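Some notes on the structure that comes next.
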Amino acid sequence: MRIKAIREDRGYSQERLAELARLHRTYVGGVERGERNVSLLNIWRIAEALKIGPSELFAAPDGEATPAVSRSRGSASALKRKGR
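Going by our numbering, the sequence shown opens with residue 211, and the numbers climb by one from there.
Here's what the structure looks like:
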């Protein structure tokens, strides 16, 4: 997610963003560092505080949508062991 870049563009500190989004300051820092799983409600709150749509948090810096990430059920070696 692009929270930190957008926050800094707006001139907000983590504390100010947290206040506007009604979240704790340390939670916002954890989200920015990718240490926290973010609920849809909190994505909405952060986007609203930044005055953007939630999808913009996931857009590439040039404004294009980021490609979807394909997730498999297990590692390649585990699939090989299963004969797939």
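Ideal placement from N, C-alpha and C gives every residue a C-beta, glycine not left out. All figures in this text were calculated on a predicted structure; none of them were measured in a lab.
Can you say whether L267 is buried or exposed, counting buried as having 16 or more other CB atoms within 10 angstroms of its CB? By one-based count along the sequence shown, residue 267 stands at place 57. When all chains shown are included, L267 counts as buried.
Tell me which residues share the same chain as H234 and place their Cβ nearer than 8 Å to its Cβ, disregarding the 5 neighbours each side in the sequence. As a first step, residue 234 must be located in the sequence shown, where it is residue number 24. A228.
Delimiting residues of the alpha helix (DSSP H) encompassing N252: In the sequence shown, residue 252 corresponds to position 42, counting from 1. Here the alpha helix (DSSP H) through N252 covers L250 to L260.
Could you spell out where the alpha helix (DSSP H) holding Y237 opens and where it closes? Taking the first residue of the sequence shown as 1, we reach residue 237 at position 27. Y237 -> alpha helix (DSSP H) spans R235 to E242.
Cβ of Q224 within 7 Å of Cβ of V238? Counting from one through the sequence shown, the residue named residue 224 turns up at place 14. Counting from one through the sequence shown, the residue named residue 238 turns up at place 28. Yes, they are a contact pair.
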